[in-house]
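Chemist: Same order as they appear, the protein sequences are chains A, B, C and D.
Going by my numbering, the first residue of the first sequence is number 10, and it counts up by one from there.
Going by my numbering, the first residue of the second sequence is number 10, and it counts up by one from there.
Going by my numbering, the first residue of the third sequence is number 6, and it counts up by one from there.
Going by my numbering, the first residue of the fourth sequence is number 6, and it counts up by one from there.
Even glycine gets a Cβ: it sits at the ideal position worked out from N, Cα and C.
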Amino acid sequence: MKKFVNDPANFVPEFMKGVVLANPDLLEFVPEFQMIKRKDRPVADKVSVIQGSGSGHEPAHVMAVGPGMLDGACQGAVFAAPPVDACYETIKALASDAGVLVLVNNYQGDRMAWETAIELAEAEDIKVKSFIINDDVAVKDSLYTVGRRGVAGNFFVIKACGAAAAQGKSLDEILAIAEKVNNNVRTMGVALTSCIPPAKGTTIFDLGDDEMEVGVGIHGEPGRRREKIHPANQIVDELFDAVAQDIPYKSGDRVALMVNGLGGTPISELYVLYAHAHERCEQAGYTVVRNYVGEYCTSLEMAGASLTLLKLDSELEAYLAAPAEVAVRIF
Amino acid sequence: MKKFVNDPANFVPEFMKGVVLANPDLLEFVPEFQMIKRKDRPVADKVSVIQGSGSGHEPAHVMAVGPGMLDGACQGAVFAAPPVDACYETIKALASDAGVLVLVNNYQGDRMAWETAIELAEAEDIKVKSFIINDDVAVKDSLYTVGRRGVAGNFFVIKACGAAAAQGKSLDEILAIAEKVNNNVRTMGVALTSCIPPAKGTTIFDLGDDEMEVGVGIHGEPGRRREKIHPANQIVDELFDAVAQDIPYKSGDRVALMVNGLGGTPISELYVLYAHAHERCEQAGYTVVRNYVGEYCTSLEMAGASLTLLKLDSELEAYLAAPAEVAVRIF
Amino acid sequence: MADITIGDVERAVKTTATTVLRNEHYFSDLDGLAGDGDFGTSLATGFRVIDAELPGIDKSAIGAMLLKISMLVSKHVGGSSGPIWGTGFMKAAMVSKGKETVTLVELADMVNTAVEGIMARGGAQLGDKTLLDALIPVTEKLKAHAAAGTADLGLVLKECADEAENAIDATRGLVAHRGRASQVGDRSAGTPDPGIVAIATILQDWCTEFGVERTPTVPELLKQTV
Amino acid sequence: MADITIGDVERAVKTTATTVLRNEHYFSDLDGLAGDGDFGTSLATGFRVIDAELPGIDKSAIGAMLLKISMLVSKHVGGSSGPIWGTGFMKAAMVSKGKETVTLVELADMVNTAVEGIMARGGAQLGDKTLLDALIPVTEKLKAHAAAGTADLGLVLKECADEAENAIDATRGLVAHRGRASQVGDRSAGTPDPGIVAIATILQDWCTEFGVERTPTVPELLKQTV
Ligand SMILES: Nc1ncnc2c1ncn2[C@@H]1O[C@H](COP(=O)(O)OP(=O)(O)O)[C@@H](O)[C@H]1O
Ligand SMILES: Nc1ncnc2c1ncn2[C@@H]1O[C@H](COP(=O)(O)OP(=O)(O)O)[C@@H](O)[C@H]1O
Ligand SMILES: [Mg+2]
Ligand SMILES: [Mg+2]
Ligand SMILES: [Mg+2]
Ligand SMILES: [Mg+2]
């Protein structure tokens, strides 16, 4: 296991400590519940936007706390939804008169933990609603499953809801924005390697030296199929077609285009993918109004990438353009 | 070779194309010389700050072009200094009455290419000076070698010089700032894995499953020694001691602290390192005024990290705090 | 017919903790086949605390003890397992409130209430390839013995363990319809569900703990290192 | 004594291109031992263009041809090799300006001027473990034959190739003092310098091309696949 870790059991609280030491003015850390929150939130007249999920997807979710983004987030162990108590305490810590919006990625564990926590919070008259994000087109949606997974599209839901909350929108208005983003965002990813959860110490799956997993989940879940590695542009074509045909997007659409690294892929390779994805948008008649190339939702050190398209309207464009700040910065 | 590439020979121009497609308003791409420049530079009364080195270190160097940072940069193949012509054309493209400052990382290839290019430019009466950055403490400086390598400290030199140039400082003033930063910045890195240059198709070196290379170079050059992997905090101690004792920094110093990922290390692990590095600063009596956790100078997909300390004064603090923008963004 | 005492329940909980801690890596590996490889660690994190705190827990009644255990699960167990196991313990606690012993009929009611709570929480049914595919047949077996007034609790335990173990092979070929494994489509077919394996292993270890002879046959139970 | 014609120089350049392209990966692998593994690719990128453009290049004089080659190197070769090889060709071009043939004395002057240019450009000396450790003895040998008026150019070439090949073993144990390899401290000792290997290989291939019999002995030259 080639990792920077001390005791693997302390991996998550240790990196959270680093995040808060790096952002002393902005953030506050509650180790007992593996929660990070803005120091200056909650405030009574603003909706708090929160989230909580397994760790290992950094900068999602706790590193996405900041002005114009999340007000607080808790996390479980690597790839495990947070315990119910952590979710409940996060709601309580960010409770405001305007209400709390919980953005939940569509995994059984996250859903159950938050549902339970919300029941507990509502019993204490806290105003709280939740929204389920499910942008991954890799696995067909079906009545007989938990449904599509929530992956990198989560960033756009947070960004838009965070901007709306900062502008003082109501809980119901922000819920409608979450729904609009989620209805218009689609993602699919591909893995070239597995990752190694520190506590497990071994890979989650094993790919041959010339294989890739198309439609991989951000926890290393199998995707649509395993294939021989293709040239970068062909991989983009496969992801792009799957994503673009899902809604489907139409010529004339204004879109945001994201190429998200899964953790172990260098930024140079992400821009190789971006170049072709951008060309594919142009060929399809979509105008790329905003673009995002980097790491937004990862799977530890997994080599791989996902492609996300979000169809925009003027409201969403404005929310994406609004100022925001997160725990991870360049300058 | 598990990478997103098409023809390896086109890897560098393809990712540069992606960078410029992602920043259409800000940047302009000259494929013939693998150069990227700000569209709105040069201007006559501002010094242009430029750089050019091997590629494979992204976001250094071409992705560091933007307001308050570099005005232009060219790059060679992966890990190879740019050809002389590319350097010469980059100077010419950014030539301004106020002058051009070339920030050169201390590698023989970069130095020779820029020296030759500067001679050619001076013959055409272009006002141009260069400065050599050498912050890597891994290998002892000596009269009998090319000297210390330039690594992640480069970011701070660019940031300070870019800010000074934006404020209209003269070429000599900016040169003095570069020197001040370089005199006060020190770095050392460690690799857990090698990287694979696309054109080579194989690793540059091979480490055992339980080994790390302490003091590695950003091109995979051997470092101080090869050791068994240690717990994260012990690795930080080793890097911190090497860096802190080099100048040496003193209790009461105000510092910028950077934990830089080498490309394949997830951000969560970087924050584990940061947490302990921050504690070490506190124990030593250094106040961490600014911190940087992320990827600033990488080695393709190498798993590893470097630690950089920069001793600040009020002038440098102000330059680091000045607004800036680069080709890679979060929002 | 002998009642089940709070001491029996405590021994069962203690044995469960031992089972979970011993199989931490194995359960995670099983979860890695079609899930995300955290099942063993998530359970072990909670049961490590339960194991440590069990001696000091309020043992005035079975309900009080199980409620405290459910609270420890809610605080320390993440993943789907947190709400599922937390709900299970909490529901069982509600129908054993104030009781120092329970009859087989009451035990069947506790397990049945727990199973109904888990179904309500996660929306899974029999055949969705979750631990309910082990727990539901176990409940049915318990109810049948309770109705028949079976006196030999050892026999009851053995037959419950049989039901749980049978569920491993019976569901192996199914496609998961709930949990993370359901999000990988057909690719969950052919792998055992780790939750079902865990239930079967726990019941097998209860047999050993309570001196009930039983030899497992399914590879997942045989291959465990003790 | 026969002069060296522009045709000879063209053949030598063409052969050099073939050598460099054939050894692209091998030279990079050698550079990976103590350097950064790009030497072969950097040279090959330039010589691929030179190879393609050679037929069309201005061949009115040796100097004009070499100047054009130096320009192609400056445009296409990155790394340290760009300035080093570019300077070498440029300096050799300056002293062969307007000449369609050169004598051995003039050839020795061309090589000597190139070597001095490379030393000025990169600051390396004999013994710093760079390609100069091959080129300087070759130059000395050339000068000696020129002074002695040796008529057998094949013998001169063979002895130059001997000098270059000897440099591989003579410098193997040294610590590099210039180039990237100098930045790894003592760890460059024990590995051959790729630049020296390249010069020795080129001279060996010139021997073959010009029909001079010579058998290499150093492993780096023997192990090359043709
Ligand atoms: N809706 C559900 N109802 C009951 N049991 C479930 C449900 N979803 C999953 N499980 C059980 O939980 C186990 C996985 O637990 P765990 O790994 O903690 O969850 P996660 O999928 O969140 O990582 C599965 O093997 C299955 O038996
Ligand atoms: N200062 C120098 N003078 C002459 N030759 C040099 C010098 N530095 C390096 N070399 C030669 O160049 C070779 C390395 O070339 P290359 O790999 O292109 O350079 P880089 O170190 O920039 O990657 C070395 O093997 C050495 O023979
Ligand atoms: Mg999980
Ligand atoms: Mg190089
Ligand atoms: Mg799981
Ligand atoms: Mg090299």
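With distances taken Cα to Cα, identify the nearest neighbour of Arg27 of chain C among C:Ala69, C:Lys134, C:Ala203.
Modeler: It is C:Ala203.
Chemist: Around the Cβ of Glu278 of chain B, are there at least 16 other Cβ atoms within 10 angstroms (buried) or fewer (exposed)?
Modeler: Per the 10 Å Cβ criterion, buried.
Chemist: Can you tell me whether Asp36 of chain C is buried or exposed, with buried defined as 16 or more other CB within 10 angstroms of its CB?
Modeler: Looking at its Cβ environment, which holds 16 or more other Cβ atoms inside 10 Å, Asp36 of chain C is buried.
Chemist: Would you call Val231 of chain D buried or exposed, if buried means 16 or more other Cβ atoms sit within 10 Å of its Cβ?
Modeler: Its pLDDT being 46, under 50, Val231 of chain D is placed unreliably in this model, and the coordinates cannot settle the point.
Chemist: Could you pull out every residue in the same chain whose Cβ sits closer than 7 Å to the Cβ of Glu218 of chain D, ignoring the five residues on either side in sequence?
Modeler: Excluding residues within five positions, none has a Cβ falling inside 7 Å.
Chemist: Phe13 of chain B CB to nearest chain D CB: under 8 Å?
Modeler: Closer than 8 Å: no.
Chemist: Pull up the distance between the alpha-carbon of Val14 of chain A and that of Arg53 of chain C, whole angstroms please.
Modeler: For Val14 of chain A and Arg53 of chain C, the distance between alpha carbons rounds to 22 Å.
Chemist: Taking CB distances under 8 Å as the criterion, tell me whether Gln292 of chain B reaches chain D.
Modeler: False, the Cβ-Cβ gap to chain D never drops below 8 Å.
Chemist: Helix, strand or coil for Asp174 of chain C per DSSP?
Modeler: Helix.
Chemist: Would you mind listing the alpha helix (DSSP H) stretches within the segment 58-121 of chain A that are 4+ residues and don't spill past its ends, in chain order?
Modeler: Whole alpha helix (DSSP H) segments, 4+ residues: 93-103.
Chemist: Could you give the distance in angstroms between the alpha-carbon of Asp80 of chain A and the alpha-carbon of Phe88 of chain A?
Modeler: Taking the straight line joining both Cα atoms gives about 22 Å.
Chemist: Please state whether DSSP places Ala169 of chain D in a helix, a strand or coil.
Modeler: Ala169 of chain D: helix per DSSP, three-state reduction.
Chemist: Which residues bound the beta strand (DSSP E) around Ala314 of chain B?
Modeler: It spans 313-320 - the beta strand (DSSP E) in which Ala314 of chain B sits, taken as one unbroken run.
Chemist: Quick one: does the C-beta of Gly63 of chain B sit closer than 7 Å to a heavy atom of ligand 4?
Modeler: Yes, the beta carbon of Gly63 of chain B sits closer than 7 Å to at least one heavy atom of ligand 4.
Chemist: Return the chain-ordered list of same chain residues with a C-beta closer than 8 Å to the C-beta of Gly210 of chain A, the five sequence neighbours on each side being excluded.
Modeler: These residues qualify, in order along the chain: Met10, Pro17.
Chemist: Are Ala122 of chain A and Val93 of chain A closer than 8 Å when you measure CB to CB?
Modeler: Taking 8 Å as the Cβ cut-off, Ala122 of chain A and Val93 of chain A qualify as a contacting pair.
Chemist: Would you please verify whether the beta carbon of Thr177 of chain C is less than 8 Å from any beta carbon of chain A?
Modeler: Strictly speaking, residue 177 of chain C in this sequence is Arg, with Thr absent from that position. Not an interface residue.
Chemist: In three-state terms, what does DSSP make of Thr230 of chain D?
Modeler: Residue confidence is low: Thr230 of chain D scores 47 on pLDDT, short of 50, so the model does not pin down where it sits. Its coordinate-derived value is still stated next. It is coil, neither helix nor strand.
Chemist: DSSP puts Val297 of chain B in a beta bridge; with which residues?
Modeler: B:Val264, per the DSSP bridge assignment.
Chemist: Residues in its own chain within less than 6 Å of Leu136 of chain C by CB, not counting five upstream and five downstream?
Modeler: Within the same chain, Leu136 of chain C has close Cβ partners Gly200, Ile201, Ile204.
Chemist: For ligand 2, I want to know if Ile201 of chain D counts as a neighbour, meaning its beta carbon is within less than 7 Å of at least one of the ligand's heavy atoms.
Modeler: Because some heavy atom of ligand 2 lies under 7 Å away, the Cβ of Ile201 of chain D counts as near it: yes.
Chemist: Check the Cβ of Ile276 of chain A against every Cβ in chain B and list those closer than 9 Å, keeping chain order.
Modeler: Going along chain B in sequence order, the residues near Ile276 of chain A (Cβ under 9 Å) are Phe24, Glu67, Pro68, Met72, Gly272, Glu304, Thr307, Val337.
Chemist: With 16 as the cutoff for other CB atoms within 10 Å, does Asn302 of chain D come out buried or exposed?
Modeler: What is shown of chain D runs 6 to 231, which leaves residue 302 of chain D out entirely.
Chemist: Mind reading off the beta-carbon distance from Pro197 of chain D to Glu164 of chain D? Whole number of angstroms is fine, and I expect it under 8 Å.
Modeler: That pair is no contact at about 21 Å.
Chemist: Among the candidates D:Asp41, D:Thr50, D:Thr10, whose CA atom is the shortest distance from the CA of Val25 of chain D?
Modeler: Out of D:Asp41, D:Thr50, D:Thr10, D:Thr50 has the C-alpha closest to the C-alpha of Val25 of chain D.
Chemist: Taking 7 Å as the cut-off, is the beta-carbon of Phe38 of chain A closer than that to any non-hydrogen atom of ligand 6?
Modeler: It does not: the Cβ of Phe38 of chain A is nowhere closer than 7 Å to a heavy atom of ligand 6.
Chemist: How would the residue list near ligand 6 read, in chain order, if you kept each one whose beta-carbon is closer than 5 Å to any heavy atom?
Modeler: Taken from the N-terminal end onward, the list reads D:Asp36, D:Gly40, D:Asp41, D:Asp43, D:Phe44.
Chemist: Just to confirm, are Ala119 of chain C and Ala97 of chain C a CB contact at a threshold of 8 Å?
Modeler: Closer than 8 Å, so yes.
Chemist: Can you name the residues of chain A whose CB is closer than 7 Å to the CB of Thr202 of chain B?
Modeler: The answer, in chain order, is Lys11.
Chemist: Please classify Ala113 of chain C as buried or exposed, where buried requires at least 16 other C-beta atoms within 10 Å of its C-beta.
Modeler: By the 10 Å Cβ count, Ala113 of chain C comes out buried.
Chemist: So which residues on chain A does Gln188 of chain C lean against when the C-beta distance must stay under 7 Å?
Modeler: Those within 7 Å of Gln188 of chain C in chain A are Val148, Thr154, Val155, Arg158, Gly226, Glu230.
Chemist: For Thr10 of chain C, does the count of other Cβ atoms within 10 angstroms reach 16, so buried, or fall short, so exposed?
Modeler: Exposed is the call here.
Chemist: Relative to the C-alpha of Leu72 of chain D, which candidate in D:Ala57, D:Gly83, D:Trp90, D:Gly84 has its C-alpha closest?
Modeler: Checking every option, the nearest Cα to that of Leu72 of chain D belongs to D:Trp90.
Chemist: So for Asn269 of chain A, helix, strand or coil by DSSP?
Modeler: Looking at Asn269 of chain A - three-state DSSP - the assignment turns out to be strand.
Chemist: Flag Ala69 of chain A as yes when its Cβ comes closer than 7 Å to any non-hydrogen atom of ligand 8, and as no otherwise.
Modeler: Absent from the structure shown: ligand 8. Ligands present: ligand 1, ligand 2, ligand 3, ligand 4, ligand 5 and ligand 6.
Chemist: So is the beta-carbon of Phe88 of chain B under 7 Å away from any non-hydrogen atom of ligand 4?
Modeler: Yes, since a heavy atom of ligand 4 falls inside the 7 Å radius drawn around the Cβ of Phe88 of chain B.
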